[in-house]
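J.: Structure below; questions to follow.
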Amino acid sequence: MRLEISCQDRLGITQDVLDILVRHEIDLRGIEIDEVGKIYLNFPTIKFADFQHLMPKIRKIAGIEDVKTTAFMPIEREQNQLKALLKTLPDPVFSVDPKGRIVLVNSIVLSYLEKSKHEVIGSEIGDLIKGFNITRWLEGKNISAQAQKIRFLEQDYLADVLPVMIPDVDGTNIVAGAVIMLKSELRLGQQLTVFHQASPDSFISIQAQSKIMKKVIHEAKRMAELDGPIIIFGETGTGKELIAKACHEASRRCDGQFLVLSCGSLPDNVAETELFGYAPGAFGLTEGKAGLLELAQGGSLFLDEVAEMSVQLQVKLLRVLQNGSYRRVGDTQEKDVDVRIICTTQKDLGKLVQQGLFREDLYYRLNVLSLILPPLRERKLDILPLAERFLKLHSAKLGRRAPKLTKSCSDYLQSYPWPGNVRQLENALYRAVSLLEGNELEPDHIRVPSCATVSSFVAEEFNGNLDEEVKRYEKDILTRLYPSFPSTRQLAKKLGLSHTAVANKLREYGINKHSVNL
Numbered sequence: 001m002r003l004e005i006s007c008q009d010r011l012g013i014t015q016d017v018l019d020i021l022v023r024h025e026i027d028l029r030g031i032e033i034d035e036v037g038k039i040y041l042n043f044p045t046i047k048f049a050d051f052q053h054l055m056p057k058i059r060k061i062a063g064i065e066d067v068k069t070t071a072f073m074p075i076e077r078e079q080n081q082l083k084a085l086l087k088t089l090p091d092p093v094f095s096v097d098p099k100g101r102i103v104l105v106n107s108i109v110l111s112y113l114e115k116s117k118h119e120v121i122g123s124e125i126g127d128l129i130k131g132f133n134i135t136r137w138l139e140g141k142n143i144s145a146q147a148q149k150i151r152f153l154e155q156d157y158l159a160d161v162l163p164v165m166i167p168d169v170d171g172t173n174i175v176a177g178a179v180i181m182l183k184s185e186l187r188l189g190q191q192l193t194v195f196h197q198a199s200p201d202s203f204i205s206i207q208a209q210s211k212i213m214k215k216v217i218h219e220a221k222r223m224a225e226l227d228g229p230i231i232i233f234g235e236t237g238t239g240k241e242l243i244a245k246a247c248h249e250a251s252r253r254c255d256g257q258f259l260v261l262s263c264g265s266l267p268d269n270v271a272e273t274e275l276f277g278y279a280p281g282a283f284g285l286t287e288g289k290a291g292l293l294e295l296a297q298g299g300s301l302f303l304d305e306v307a308e309m310s311v312q313l314q315v316k317l318l319r320v321l322q323n324g325s326y327r328r329v330g331d332t333q334e335k336d337v338d339v340r341i342i343c344t345t346q347k348d349l350g351k352l353v354q355q356g357l358f359r360e361d362l363y364y365r366l367n368v369l370s371l372i373l374p375p376l377r378e379r380k381l382d383i384l385p386l387a388e389r390f391l392k393l394h395s396a397k398l399g400r401r402a403p404k405l406t407k408s409c410s411d412y413l414q415s416y417p418w419p420g421n422v423r424q425l426e427n428a429l430y431r432a433v434s435l436l437e438g439n440e441l442e443p444d445h446i447r448v449p450s451c452a453t454v455s456s457f458v459a460e461e462f463n464g465n466l467d468e469e470v471k472r473y474e475k476d477i478l479t480r481l482y483p484s485f486p487s488t489r490q491l492a493k494k495l496g497l498s499h500t501a502v503a504n505k506l507r508e509y510g511i512n513k514h515s516v517n518l
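Numbered continuously in the working numbering, the sequence shown closes out at residue 518.
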């Protein structure tokens, strides 16, 4: 049986408890006193029924607040937790006393040594571990943690040697021994591999609260598992490259390179040598150069704004996709290629094909798996979470506390159409937090170009029925156009409607010179 006694901090209170036990000849095997007003007693040979008549006497002692049974002593709990921890550790662990004698090991040590616990406890640590004299280190004056290369059972290990210190009454520390934890080269390699691996969910950093964005992420994850080319459509600043990289990291090619070619920023000849490289002797140079296709072998090649690629370069890229091979500039030998192509574009490739500006056969080769990234104005549920993330990110870089978005600022961020999308939102918030002097962001702190806040889309989260949404949209268009076409005849001509139809709609929606600031 074990007791937990709650008491006040009074000199002699423990002795008063012990006096009762002595008078009744109670066999006490353990006592612990903690710093929060608790006394723990252990009577392993006594049952509660034989002791309960003494509990009222203990409660009557001055300063005793409560007496109750407990399942374990604090030291028992700590010891069992330590044993459980040691048992689950996959690496050898030793604990030694100040003389270097082993007092505790985990099960891995016993299995490696093929010995029982009794055979190992008490033996010298120096008999098992070579390369670092732990006993001499324990006898030193200034003992500090060590990381040493040692040998154990004829194998090399990295040993973390940690001193165990106990504070003395004068405030100094007494060396009570040490703990030695070993890691093999194999285990270290496995841990480094895990450390450098991408997150199991490479899409976790992409904000997706809106239904439309959740659908995009779901489709992207499925496409990442495949190996065909991916083309990502979307306006500027929507995060096309972020999605492309997440697809690469979630694919079987994640251990390979993810290399980028910006098709719209390089002259045609430069883009060709960047993509294919050149052979020794080309351009009068004695040494050749590997291109991105070669460097990305086994990985992914990201072609940013592929619509800007010249027709001549399109032909050569098509050959790569068809034959799985290419030639360096100035070379006659074919090189095999194993690269996944991921493209992005802001433009309508189908229309470019019709205009003869993009090869139809290349279009169908690239457009195997396609994603359409929605603009930020169509994913309003993501705006505030993105804003909060950017504020925290840039505030941390600037060494300041992240400011709070006021209600009016939140409303403004959600109503602005963000033609530059996520990139524009991030840049606007970076500027705002950089110049902010207070702790709250107001709409005046967000400097963006003047832009109509009325959008021409139906948000997926809209309330109401289709007829109400159509009327709202119709009213928005008429409100926007009326200042430029203030007569009903001009507006009717612009919209291709009759004068009477436009006049009736203006009257229905209350749109006139007084309601619109001309």
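Ideal Cβ placement from N, Cα and C applies to all residues, glycine included.
Quick check on the DSSP output: what are the complete beta strand (DSSP E) runs of length 3 or more inside the segment 59 to 141, in order along the chain?
T.: Entirely contained in the segment 59 to 141, the beta strand (DSSP E) runs reaching 3 residues are, in chain order, 64 to 69, 93 to 96, 102 to 105.
J.: If you follow the beta strand (DSSP E) that ASP156 is in, where does it begin and where does it stop?
T.: Element bounds for ASP156: 155 to 167.
J.: Where does the unbroken alpha helix (DSSP H) through GLY30 begin, and where does it stop?
T.: GLY30 -> not in any alpha helix (DSSP H); beta strand (DSSP E) instead, spanning 30 to 33.
J.: I need the DSSP call for LEU321, collapsed to helix, strand or coil.
T.: In the structure shown, LEU321 sits in a helix (DSSP, three-state: H, G or I).
J.: So what's THR453 in DSSP terms, helix, strand or just coil?
T.: Reliability of the predicted coordinates at THR453 is poor, the pLDDT of 45 falling under 50, and the value obtained from them is presented with this limitation in mind. In this structure, THR453 counts as coil in the three-state DSSP scheme.
J.: Taking contact to mean at least 3 C-beta pairs separated by less than 8 Å, is the segment 205 to 222 in contact with the segment 303 to 319?
T.: In short, these stretches do not touch, since the Cβ pair count stays below three.
J.: Give the single residue among ASN173, LEU182, LEU89 whose Cα lies nearest to the Cα of GLY131.
T.: Considering only alpha carbons, the answer is LEU182.
J.: Go through its chain and collect everything with a Cβ distance to ALA402's Cβ below 7 Å, but skip five positions before and after it.
T.: So the qualifying residues of the chain are LEU391, LYS392, SER395.
J.: Among ARG10, LEU153, SER310, TRP137, which residue has its Cα nearest to the Cα of ASP127?
T.: Closest by alpha carbon: LEU153.
J.: If you draw a straight line from the alpha carbon of ILE174 to that of ASN42, how long is it in whole angstroms?
T.: Answer to the nearest angstrom: the Cα atoms are 28 Å apart.
J.: Kindly indicate which three-state DSSP category ARG151 falls into: helix, strand or coil?
T.: ARG151 falls in the strand class under three-state DSSP.
J.: Which one of LYS117, ARG77, PRO74, ILE75 has the shortest CA to CA distance from SER95?
T.: Nearest C-alpha to SER95: LYS117.
J.: Under 7 Å Cβ to Cβ from PRO74, same chain only, skipping five residues before and after it: list those, please.
T.: Once the five neighbours on either side are set aside, the close Cβ partners of PRO74 are GLU32, ASP34, TYR40.
J.: Can you list, in chain order, the residues of its chain with a C-beta nearer than 6 Å to that of GLY239? Leave out the 5 residues immediately preceding and following it.
T.: Cβ neighbours of GLY239 beyond the five flanking positions: VAL422.
J.: State the beta-bridge partners of LEU519 as determined by DSSP.
T.: With the chain covering 1 to 518 only, the question about residue 519 has no answer from this structure.
J.: Going by the CB atoms, is the gap between ILE231 and ARG379 shorter than 8 Å?
T.: Contact flag unset, no.
J.: Pick helix, strand or coil for LYS380, following the three-state DSSP scheme.
T.: Correct three-state label for LYS380: helix.
J.: Taking 8 Å as the cut-off, does the segment 152 to 171 touch the segment 74 to 84 (at least 3 CB pairs, one atom from each stretch)?
T.: No contact exists between the segment 74 to 84 and the segment 152 to 171.
J.: According to the neighbour-count rule (16 or more other Cβ atoms, all chains shown, within 10 Å of its Cβ), is HIS24 buried or exposed?
T.: It is exposed - the Cβ of HIS24 has fewer than 16 other Cβ atoms within 10 Å.
J.: Report yes or no: do three or more beta-carbon pairs, one from the segment 317 to 334 and one from the segment 282 to 290, lie closer than 8 Å?
T.: The segment 317 to 334, when compared against the segment 282 to 290, does touch it at the 8 Å Cβ threshold.
J.: Can you give me the Cβ contacts of PHE358 inside the same chain, cut-off strictly under 6 Å, excluding the 5 residues immediately before and after it?
T.: Closer than 6 Å at Cβ, skipping near neighbours: LEU349, LEU352.
J.: Please list the terminal residues of the continuous beta strand (DSSP E) segment that includes VAL260.
T.: Run containing VAL260: 258 to 262, per the beta strand (DSSP E) assignment.
J.: Give me whichever residues DSSP pairs with ASN504 in a beta bridge.
T.: In DSSP, ASN504 forms no bridge with anything.
J.: Could you tell me the distance, in whole angstroms, from the CA atom of LEU186 to the CA atom of PRO90?
T.: Cα to Cα, the separation comes out at about 12 Å.
J.: Can you give the Cα-Cα distance for ILE5 and ILE46, rounded to whole angstroms?
T.: Rounded to the nearest angstrom, the two C-alpha atoms are 17 Å apart.
J.: Alpha carbon to alpha carbon, how far is GLU119 from ASP156?
T.: Going from the Cα of GLU119 to the Cα of ASP156 covers about 23 Å.
J.: Determine the DSSP secondary structure at GLN348, reduced to helix, strand or coil.
T.: Sequence inspection shows Asp at residue 348; the Gln mentioned does not correspond to that position. Coil.
J.: Given that a residue counts as buried once 16 or more other Cβ atoms are within 10 Å of its Cβ, and exposed if not, what is LEU518?
T.: Confidence is the limiting factor: at LEU518 the pLDDT is only 45, short of 50, which leaves the residue's position unreliable, though a coordinate-based value still follows. With fewer than 16 other Cβ atoms within 10 Å, it is exposed.
J.: Taking the DSSP output, what are the residues bridged to ASN269?
T.: In DSSP, ASN269 forms no bridge with anything.
J.: Using CA coordinates, which residue listed in ILE166, SER107, GLY100 is at the minimum distance from THR135?
T.: It is GLY100.
J.: Quick one: residues in its chain with C-beta nearer than 6 Å to the C-beta of LEU28, no 5 flanking neighbours on either side, listed in chain order?
T.: Only LEU21 meet the Cβ criterion.
J.: What residue does the beta strand (DSSP E) around ARG2 start on, and which one ends it?
T.: It spans 2 to 7 - the beta strand (DSSP E) in which ARG2 sits, taken as one unbroken run.
J.: Could you check what DSSP says for GLU249 in three-state terms: helix, strand or coil?
T.: The answer is helix: DSSP assigns GLU249 an H, G or I state.
J.: Here's the rule I'm using: 16 or more other beta-carbon atoms within 10 Å means buried, otherwise exposed. How should HIS248 be labelled?
T.: Classification for HIS248: buried.
J.: So what does DSSP say about GLN354, is it helix, strand or coil?
T.: Reduced to three states, the DSSP call for GLN354 is helix.
J.: What are the residues that DSSP puts in a beta bridge with ASN367?
T.: Note: ASN367 sits in no beta bridge, so no partner.
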